[in-house]
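So the sequence shown is residues 49 to 475, counted in my numbering.
Ideal Cβ positions, reconstructed from N, Cα and C, are used throughout, including at glycine.
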Amino acid sequence: MSSDEQRNPGRDHVYVLWDESYYWALLLWRFLRRGLVPFRLVRARDIANGLLERFPPAALLVPGGWARFKSAALGPRGRRAIGKYLEKGGSYLGFCGGAGLALPEYDGLALCPLCRKPMSQRLPNFSGSVAATLHAHPLVPENLASPVHLPVWWPSQFALPPDANVQVLASYAGPGPGFWVSDLAWDDIRNQEPESWRQLYGINLDPDQLAGEPCVIAGVCGQGRYILSYAHLESPAFPAANFWLGHMLSLLLGQPPGILSSSNDPWTASDWDLQNMAACWNDPRLARMTEDLEEVIALGKRHFLLFWRYPWLLGWRRGVPGFVLTTLFAQLKTVRCLEPGKEALQYWDSRAADAADAMAAFREQMSAYLTAERLALHNGPPSSPEACSSEVQQIRRNALVGEFPGYGGLFGHIAKTLDELLWLLCR
49 MSSDEQRNPG
59 RDHVYVLWDE
69 SYYWALLLWR
79 FLRRGLVPFR
89 LVRARDIANG
99 LLERFPPAAL
109 LVPGGWARFK
119 SAALGPRGRR
129 AIGKYLEKGG
139 SYLGFCGGAG
149 LALPEYDGLA
159 LCPLCRKPMS
169 QRLPNFSGSV
179 AATLHAHPLV
189 PENLASPVHL
199 PVWWPSQFAL
209 PPDANVQVLA
219 SYAGPGPGFW
229 VSDLAWDDIR
239 NQEPESWRQL
249 YGINLDPDQL
259 AGEPCVIAGV
269 CGQGRYILSY
279 AHLESPAFPA
289 ANFWLGHMLS
299 LLLGQPPGIL
309 SSSNDPWTAS
319 DWDLQNMAAC
329 WNDPRLARMT
339 EDLEEVIALG
349 KRHFLLFWRY
359 PWLLGWRRGV
369 PGFVLTTLFA
379 QLKTVRCLEP
389 GKEALQYWDS
399 RAADAADAMA
409 AFREQMSAYL
419 TAERLALHNG
429 PPSSPEACSS
439 EVQQIRRNAL
449 VGEFPGYGGL
459 FGHIAKTLDE
469 LLWLLCR
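This is the structure in structure tokens:
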């Protein structure tokens, strides 16, 4: 037995699949590391090599991020291993992209029979707080008032046929405070010519079509079960969502309901103020990369393209790759607040010069991209998630972030390096 296997905690822990999650892995890791839930970070290669069969956990948690890339990281062996784990009684909890991974499409796990709604039938690019109606179920705390405000960050939507053999734990009731569609705050436009906004954006903007649609579901797979949530229950600033997640984790770990979400020991995600995280790893190359990124964010703010929507999440004008900047900033700030071990130091020494050079190029090219976007706001047309404002801007964006969807360009190069470093620091 390898030393890695000897450390494996097994049934008394939950596992968190690290691969292809980036920012969302950090969000869930921060939530769990408060210490109330014993957990272990695992890689897709561990699962493909039989980890779940040798040491099955209480549950496998899968953060957000593109489902198709998680599937590719797992490969056929990893996907089969998760299916076998549930067939034998395991539990799966997926958030957003982790929920999508459990569906049949895009080489998904097919743990759940539902599919995604076609794009033409969805409300595209919605985020923030939604009001959700809760439905009676052991996984739903009896003392959680309904409707409850849950955080969503650009989710897909489940297609729910009438005869679907799933349990809906929460369904959308309407927009909550701070609900956005694209870069529009719904409360500000709902009574101010919404049809004009719809024509300008060329997409549906009305959240009324969400009413009654499933947000969180559960079901049975073999002897096991899955819980799929398009709400990010691990998000800071949403204590009711955190309370619910604590309740779920209590049950998955075989503990009395609510033991992890009692009023005596509040189960809330800690604040995450990215701008004010204290650095304890004073590496000059990391410091320079952070300064480069801070310059880009400051430029975007000066030109009214970026703003801090939450202390842990940028807001951005439509078509601006603001989530890319949020991801890199969260990665760098988290790296710098952790003490590196020998393996992390060795890895970083082998990658630091290349990563710092890539970030310097990213700063220069992203600055040019953002200033051109400011000009496009006046000359038109501005960029959208689907297309840039000009052919030149499209070339710039592809070099910076790659083609959608994915993690390409300079961003992908830097993010993957930092993701591997974070794996060594956080595991």
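Option in the options with minimal Cα separation from residue i
i: E135; options: L159, P152, L141; result: L159
i: L99; options: L75, R127, L76; result: R127
i: G137; options: L198, S230, S175, R273; result: R273
i: F291; options: L198, F206, A259, W329; result: L198
i: M296; options: S69, W72, D67, L80; result: L80
i: E391; options: C474, P124, S277, R336; result: C474
i: L276; options: R164, P172, N324; result: R164
i: W201; options: A401, G450, G113, E439; result: G113
i: G348; options: A416, G148, S69, G389; result: A416
i: L470; options: E439, N427, T375; result: T375
i: A346; options: Q323, V85, P332, G456; result: Q323
i: W72; options: E387, V372, D402; result: V372
i: D321; options: A420, D60, K381, Q240; result: K381
C-beta atoms of residue i and residue j nearer than 8 Å
i: Y154; j: A115; result: yes
i: L187; j: I265; result: no
i: R411; j: D340; result: yes
i: L458; j: A409; result: yes
i: V64; j: V90; result: yes
i: G142; j: A150; result: yes
i: M407; j: I462; result: yes
i: P105; j: L75; result: no
i: G260; j: N213; result: no
i: Y220; j: A285; result: no
i: R445; j: C436; result: yes
i: Y278; j: P203; result: yes
i: A96; j: G123; result: yes
i: A288; j: L171; result: no
As assigned by DSSP and simplified to three states, the class of residue i
i: G126; result: helix
i: T181; result: strand
i: R88; result: strand
i: D467; result: helix
i: H61; result: coil
i: S244; result: helix
i: C474; result: helix
i: V368; result: coil
i: P186; result: coil
i: Y154; result: coil
i: R116; result: helix
i: R384; result: helix
i: A378; result: helix
i: A121; result: helix
i: D52; result: At D52 the pLDDT is 48, less than 50, meaning the model places this residue with poor confidence and gives no usable figure here.
i: S310; result: Caution is warranted here: a pLDDT of 48 is assigned to S310, below 50, making its placement in the model unreliable, and the coordinate value is therefore given only provisionally. Coil, per DSSP.
i: G176; result: strand
i: G302; result: coil
i: D67; result: coil
i: L134; result: helix
i: A207; result: strand
i: S230; result: coil
i: H461; result: helix
i: R164; result: strand
Residue range of the unbroken beta strand (DSSP E) whose run includes residue i
i: R357; result: 354-358
i: Q215; result: 215-223
i: G456; result: From DSSP, G456 is part of no beta strand (DSSP E); its letter is neither H nor E.
i: L198; result: 196-201
i: L109; result: 107-110
Endpoints, the alpha helix (DSSP H) within which residue i is located
i: V440; result: 439-449
i: W234; result: 234-237
i: S415; result: 390-427
i: Y71; result: 71-80
i: A346; result: 332-350
i: G145; result: 145-149
i: L99; result: 99-102
Complete runs of the beta strand (DSSP E) confined to the region 268-296 [at least 3 residues]: 272-277
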